[in-house]
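Report on the following structure.
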């Protein structure tokens, strides 16, 4: 309820939905109206972490393995350096502040994390994901998510009491950890644990690659939308649970699954189905972050906590900015990069509680830091607003417009809806001329076959506007509607015209009256599906009757021109006055005959006039 | 002539503008000028199916007609020849009744791959550019149009520097604007072989 009220208000005020959710969380939390108790909010938080899991699954879906491979340098270089340098700097500060070396190390590593959830949500909302800074931020976040695993393994080694770490030393294999796994890990020998982990990740990849396609196809064949949604959810939840069982971060597991499925033709359908759940759960997650801010501690140690928040933000920003510059980002992008990642992350909550359990950190150190991290997360949307309003405008004039082409965002300029006998020809012609198209079709058999020939084709019902959205209609230049069904074509054209005003729409018309309808719905180009081939055949007929080829061809072109002009006129005659069209269509047969007769003579004249010297000869004689 | 602006129709013919290096810049330089209509024939008629009536009306509405094209085999690209065959009808452009174009001015604006040195008795093209353009000159004469010295950019195969191309584009723009505004020393035109050989003299 609080979210329903505060999120739209926050969005209207230009603060972004993340801040709205956080405020809602503070309001209903133990220190606001107290609807949500402290223990309670932990439960909610666990539940809501699923939102983060789903978000990473969706992020994975957007990332084809090839793109991921291209990002390897930013991920390892930028991400690795960020974690290492930040951890070191914070550790040094910690020592100066009087912490022991192991404690300082732990705090440094934990605070080096940034918040995947907040940053990605904010960047996506502002449409900054495809910028250089957005891509860099994403790379760093990805590295951090991966780095959580070795950090979890490493933390117990820093324990204050050396004895407690011995059992974990035995499975010091880098990949293994999390609280649960640590307990199980004691029971399983290290090599077996490793084997289980590798096996699970391997089976996700194998299953995703080879098994999911027939399964999705089987389900798509049932034509039941709910079942598809249920399968998608089941998939994500199953992977998350499996990963938790073997002791890996569920978020990382679903991310891997997403990447594996990114090449799948059902990708857009999956995205569309999971997205609402992700949105809700992620919202819940932000609310629980808001609710978990312990204002008592803040009141008790205001200076310390505010100092940590500010210090953290400044230190992180400086390091990120420096790294951005080292990796040759433009100045404005470096600043954005720094601003975006200058907070603590949600993993800090997990890591701090883990560290306290393992007696690496005393509660007196961890608790104020948890509050500081939560506050710094809450501040991120504010920092981004300040950045938008005050910093970025200064660069607006300095940086010339860049070509969008440089940023490969996996989106094609053309969307073809319907890939049957009509759409195929359009698609093949475009492909043969190097134009990339995203293709939507809802015939699973067709999809299978076409993908084998390397077309980028996705399963889906194009009359669902949200599917057009995920297929990239908002960024595409052109939509080709080549569906078979008369009414569906009208529906898609009408929806697309309203929803994506910038889009050029070419539509397939079943017949003349369908063409009128389409033109009046604002299609930019309309082609009657039988017109072109019928004209070609008419030309063949003329030739067989002894008309010379070139004359036959010109006769066809003249006829086509006249017919299309008449089509245009009649379509819009109907628009001005509906009765005109009705009256006309009633007399269609009769009128068409008249029209053709009149045209015919005029048309022949026009064709014959070219290269005709009879008038010239008359004049000479 | 001063004070009134001439309406200029540029009939532009380039079958592969996307590969053009020079013509692209030339046509860009005159696009959007007031009283100048750029009519891109290959874009308008990809089937070479020319709308004769429309073309004749365009001719009637303009005072100066420009054929702008690369010089292919000592002539124009195919579509412009087709255009001439169809649009310059007997009874419209020539013949007793054909006086529609009388008194208008005609300009060829062409680019040639070979340099100016190639277009002389010692060069491999043997004939001068004016000699080779005689069919156009005579077409204009027969239609009762005044034939202006042609605007020729020679040696496009050697043109590499962007600023050289830009200079030609600017010359073209200046010439068209001067023709439009009547800011030309018409009496001096007979002294030049090419419109752009000495722009300072005639502007």
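Chains as they are written, first to last, in this note's numbering: chain A, 21 to 641; chain B, 22 to 224.
Ideal placement from N, C-alpha and C gives every residue a C-beta, glycine not left out.
In this text the structure is predicted, and so the values were computed from the model without any measurement.
Within chain A, the residues that residue i reaches when beta carbons sit closer than 8 Å
i             : result
residue 111/B : 633, 635, 636, 639
residue 70/B  : 574, 577, 578, 581
Whether residue i touches residue j by CB criterion (8 Å)
i             : j             : result
residue 391/A : residue 485/A : no
residue 14/A  : residue 563/A : As displayed, chain A neither begins before 21 nor continues past 641, which places residue 14/A out of reach and without an answer.
residue 438/A : residue 289/A : no
residue 92/B  : residue 133/B : yes
residue 102/A : residue 133/A : no
residue 528/A : residue 547/A : yes
residue 41/A  : residue 310/A : yes
residue 153/A : residue 351/A : no
residue 27/B  : residue 86/B  : no
residue 221/A : residue 276/A : yes
residue 478/A : residue 458/A : yes
residue 128/A : residue 114/A : yes
residue 237/A : residue 284/A : no
residue 435/A : residue 456/A : no
Interface partners of residue i on chain A, CB under 9 Å
i             : result
residue 107/B : 629, 630, 631
Residue i to residue j span [Cα, whole Å]
i             : j             : result
residue 537/A : residue 584/A : 15 Å
residue 204/B : residue 496/A : 48 Å
residue 111/A : residue 126/A : 8 Å
residue 637/A : residue 44/B  : 40 Å
residue 39/A  : residue 524/A : 36 Å
residue 168/A : residue 402/A : 26 Å
residue 187/A : residue 146/A : In this prediction, residue 187/A has a pLDDT of 38, which is less than 50 and means its spatial position is unreliable; nothing more can be read from the coordinates.
residue 29/B  : residue 353/A : 49 Å
residue 7/A   : residue 320/A : Outside the displayed span of chain A (21 to 641) sits residue 7/A, for which this structure offers no information.
residue 46/B  : residue 295/A : 49 Å
residue 513/A : residue 461/A : 16 Å
residue 185/B : residue 498/A : 38 Å
residue 60/B  : residue 53/B  : 11 Å
residue 214/B : residue 57/B  : 24 Å
residue 577/A : residue 451/A : 27 Å
residue 254/A : residue 248/A : 10 Å
residue 135/B : residue 175/B : 6 Å
residue 551/A : residue 535/A : 11 Å
residue 69/A  : residue 493/A : 31 Å
residue 50/B  : residue 200/B : 15 Å
residue 406/A : residue 197/B : 52 Å
residue 208/B : residue 223/B : 9 Å
residue 178/A : residue 300/A : 38 Å
residue 346/A : residue 156/A : 12 Å
residue 358/A : residue 400/A : 11 Å
residue 109/A : residue 342/A : 13 Å
residue 141/B : residue 147/B : 5 Å
Contact set between residue i and chain A, taken where Cβ atoms lie within less than 7 Å
i             : result
residue 117/B : 639
Buried/exposed call for residue i, threshold 16 Cβ in 10 Å
i             : result
residue 160/A : buried
residue 453/A : exposed
residue 136/A : buried
residue 64/B  : exposed
residue 128/B : buried
residue 634/A : exposed
residue 42/B  : exposed
residue 164/B : buried
residue 143/B : exposed
residue 118/A : exposed
residue 545/A : exposed
residue 106/B : exposed
residue 76/B  : buried
Proximity test, residue i beta-carbon vs the ligand HEM heavy atom, cut-off 7 Å
i             : result
residue 526/A : You won't find the ligand HEM in this model; it holds no ligand whatsoever.
Discussion item. So within the region 35 to 79 of chain B, which uninterrupted alpha helix (DSSP H) runs reach at least 4 residues, ignoring any that extend past its ends?
Written reply: Runs of the alpha helix (DSSP H) inside the region 35 to 79 of chain B: 44 to 51, 62 to 65.
Worksheet item: Which full runs of the alpha helix (DSSP H) of 4+ residues lie inside the region 331 to 372 of chain A, going along the chain?
Response: Taken in chain order, the whole alpha helix (DSSP H) runs of length 4 or more contained in the region 331 to 372 of chain A are 351 to 360.
Worksheet item: Which full runs of the beta strand (DSSP E) of 3+ residues lie inside the region 102 to 146 of chain B, going along the chain?
Response: 126 to 132
Worksheet item: Which runs of the alpha helix (DSSP H) spanning at least 4 residues fall entirely within the region 464 to 519 of chain A, listed in chain order?
Response: 464 to 472, 485 to 490, 506 to 519
Discussion item. I'd like the ranges of any beta strand (DSSP E) spanning at least 3 consecutive residues and lying wholly in the region 53 to 133 of chain A.
Written reply: The region 53 to 133 of chain A contains no whole beta strand (DSSP E) run of 3 or more residues.
Fill in: Segments assigned alpha helix (DSSP H), at least 4 residues, entirely inside the region 260 to 298 of chain A
Complete alpha helix (DSSP H) runs here, min 4: 270 to 281.
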